[in-house]
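With the first letter of the sequence shown counted as 1, position 139 gets the number 150 in this note's numbering; the numbers rise by one all the way through.
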Amino acid sequence: MLALGALQAIGTHVSEPDPSTPVSRVAAPEAAKPEAARSEAAKSEAAGADAGKADAGKTGTAKADTMKADTVKADKTAEAPKTALADPLTTQAIPAEPAAPARARSGPPRISGAAALSGDLAGLPSGLAKLRQAVLDGDGAAAWELAARAADGRGVTRDLALAAKLFEKLAAAGYAPAQYKLGGHFEKGSGVARDLAQAKLWYGRAAEQGHARSMHNLAVIYAESPAANGKPDYASAASWFRQGAEYGLRDSQYNLGVLYARGLGLGQDLVQSYVWFSAAAAQGDDDAGRKRDDVANKLSPADLASAKTLAATFKPRRLDPAVNEPPQAADGGAMTLLGAPAPGANAFTPPAAAAGFRCGV
Numbered sequence: 012m013l014a015l016g017a018l019q020a021i022g023t024h025v026s027e028p029d030p031s032t033p034v035s036r037v038a039a040p041e042a043a044k045p046e047a048a049r050s051e052a053a054k055s056e057a058a059g060a061d062a063g064k065a066d067a068g069k070t071g072t073a074k075a076d077t078m079k080a081d082t083v084k085a086d087k088t089a090e091a092p093k094t095a096l097a098d099p100l101t102t103q104a105i106p107a108e109p110a111a112p113a114r115a116r117s118g119p120p121r122i123s124g125a126a127a128l129s130g131d132l133a134g135l136p137s138g139l140a141k142l143r144q145a146v147l148d149g150d151g152a153a154a155w156e157l158a159a160r161a162a163d164g165r166g167v168t169r170d171l172a173l174a175a176k177l178f179e180k181l182a183a184a185g186y187a188p189a190q191y192k193l194g195g196h197f198e199k200g201s202g203v204a205r206d207l208a209q210a211k212l213w214y215g216r217a218a219e220q221g222h223a224r225s226m227h228n229l230a231v232i233y234a235e236s237p238a239a240n241g242k243p244d245y246a247s248a249a250s251w252f253r254q255g256a257e258y259g260l261r262d263s264q265y266n267l268g269v270l271y272a273r274g275l276g277l278g279q280d281l282v283q284s285y286v287w288f289s290a291a292a293a294q295g296d297d298d299a300g301r302k303r304d305d306v307a308n309k310l311s312p313a314d315l316a317s318a319k320t321l322a323a324t325f326k327p328r329r330l331d332p333a334v335n336e337p338p339q340a341a342d343g344g345a346m347t348l349l350g351a352p353a354p355g356a357n358a359f360t361p362p363a364a365a366a367g368f369r370c371g372v
């Protein structure tokens, strides 16, 4: 078996310094999120070689850019995956489908019940009176702008609870970027009580619309959080990592390579493991490059040639900007941490037994 070392722990979930983004996962930042830190995971045995990785601190909102989690710990007692995914057809092996025209970005939808937030918005600076009224009138773009300001402390006192309420209004209206943000709030316990079930719900709704970062974060929760039977759901994790990987998310590609190498959630397949480690390495991931080389040493010349061909022809799927790209933040003045919780007050520390996936994007 291929020895896969601990993955870098996920930094703060999102690309922007968004407190709502889950600290342990999240890939590319939307705004200015810290680069994902990699958490230290125990060395796992796979294919007879050991590769070690240092973790930077997964779940913390260090996900700044993309939160990375460590390599999955091999659970030798783990039972065979409940549902083995059909032998994978990689995108490399699938005939290129005609590019579908990207949907025009329509922006956040109107929200209902915004008048109920009147009390929450009463303390906004007088300079934001127009923005406040627009939110109360149900303007979705105004609600997104104010939520982002409250989450970042941009031009207003930082208020994670208010940000979560505004994101929830937009999420309920079906806006994928807000569903992703709300999932992050619930995952990290930012402004709301930490609730992984709610995090999975909102990440799942966004992922089903094609939101790539939500796919990755949802997969990390499945991989690191015990299901009803007390064991991680690697089959579901593999399915969502696969989709994120095909959209080009580097950390999803790395984690999928780990799952294929260890045979967690799907059948062990070193050719596929090589392909996905190669895809991540092509994006500058040195750890993935080392894992790819370890896997290569275990492949027969014929299998290695096949793996290299698949890796060379891989083309990521195109993301729908209407689903994955939220409105650009308006210039809102200097950022402030006034009103923010004391450092570490609401920080989530993943359990020691958490699987070493690269988290949060």
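Ideal Cβ positions, reconstructed from N, Cα and C, are used throughout, including at glycine.
Tell whether a beta-carbon distance below 8 Å holds between residue i and residue j.
| i | j | result |
| --- | --- | --- |
| Ala316 | Val286 | no |
| Pro119 | Leu193 | no |
| Ala249 | Leu229 | no |
| Ala161 | Leu173 | yes |
| Ala373 | Val282 | Since the first and last residues shown for the chain are 12 and 372, residue 373 lies out of range. |
| Ala223 | Tyr258 | yes |
| Leu177 | Leu157 | yes |
| Ala183 | Gly202 | no |
| Gln220 | Val334 | yes |
| Gly149 | Arg121 | yes |
| Ala218 | Phe197 | no |
| Ala159 | Ala340 | yes |
Taking its Cβ as the centre, do 16 or more other Cβ atoms sit within 10 Å of residue i, making it buried, or is it exposed?
| i | result |
| --- | --- |
| Arg369 | buried |
| Gln190 | buried |
| Gly151 | buried |
| Ser311 | exposed |
| Ala133 | exposed |
| Glu179 | buried |
| Arg273 | buried |
| Lys141 | exposed |
| Asp206 | exposed |
| Arg329 | exposed |
| Asp297 | exposed |
| Ser137 | exposed |
| Gly164 | buried |
| Ala208 | exposed |
| Gly241 | exposed |
| Lys326 | exposed |
DSSP on residue i, reduced to helix/strand/coil?
| i | result |
| --- | --- |
| Arg261 | helix |
| Pro119 | coil |
| Arg369 | coil |
| Arg303 | helix |
| Pro188 | helix |
| Pro312 | helix |
| Pro237 | strand |
| Arg253 | helix |
| Arg216 | helix |
| Arg169 | coil |
Please work out which residues of its chain come closer than 6 Å, Cβ to Cβ, to residue i, disregarding the five sequence neighbours upstream and downstream, and give them in chain order.
| i | result |
| --- | --- |
| Gln264 | Ala256, Trp287, Ala290 and Ala291 |
| Ala251 | Checking the sequence, you will find Trp at residue 251 rather than Ala. Excluding sequence neighbours, Trp251 sits near Met226, Leu229 and Ala230. |
| Leu270 | Ala249 and Gly276 |
| Pro188 | Pro337 |
| Ser284 | Gly268, Tyr271, Ala272 and Val306 |
| Arg261 | Ala291, Gln294 and Asp296 |
Give me, in chain order, the residues of the same chain whose beta-carbon lies closer than 8 Å to that of residue i; leave out the 5 immediate sequence neighbours on both sides.
| i | result |
| --- | --- |
| Leu147 | Ala125, Ala126, Leu128, Ser129 and Leu132 |
| Asp314 | Leu281 and Val282 |
Contact criterion: CB-CB distance below 8 Å. Does residue i meet it with respect to chain C?
| i | result |
| --- | --- |
| Val167 | Protein chain content of the structure displayed is limited to a single chain, and chain C is not contained in it. |
Report whether the distance from the Cβ of residue i to the nearest heavy atom of the ligand COA is below 7 Å.
| i | result |
| --- | --- |
| Ala152 | Among the components of this structure there are no ligands whatsoever, and the ligand COA is therefore not found. |
For residue i, which residues in the same chain have their Cβ closer than 7 Å to its Cβ, ignoring the five residues on either side in sequence?
| i | result |
| --- | --- |
| Gly215 | Leu229 |
*Does the region 305 to 312 touch the region 228 to 237, meaning 3 or more C-beta pairs lie closer than 8 Å?*
Verdict: no, contact absent.
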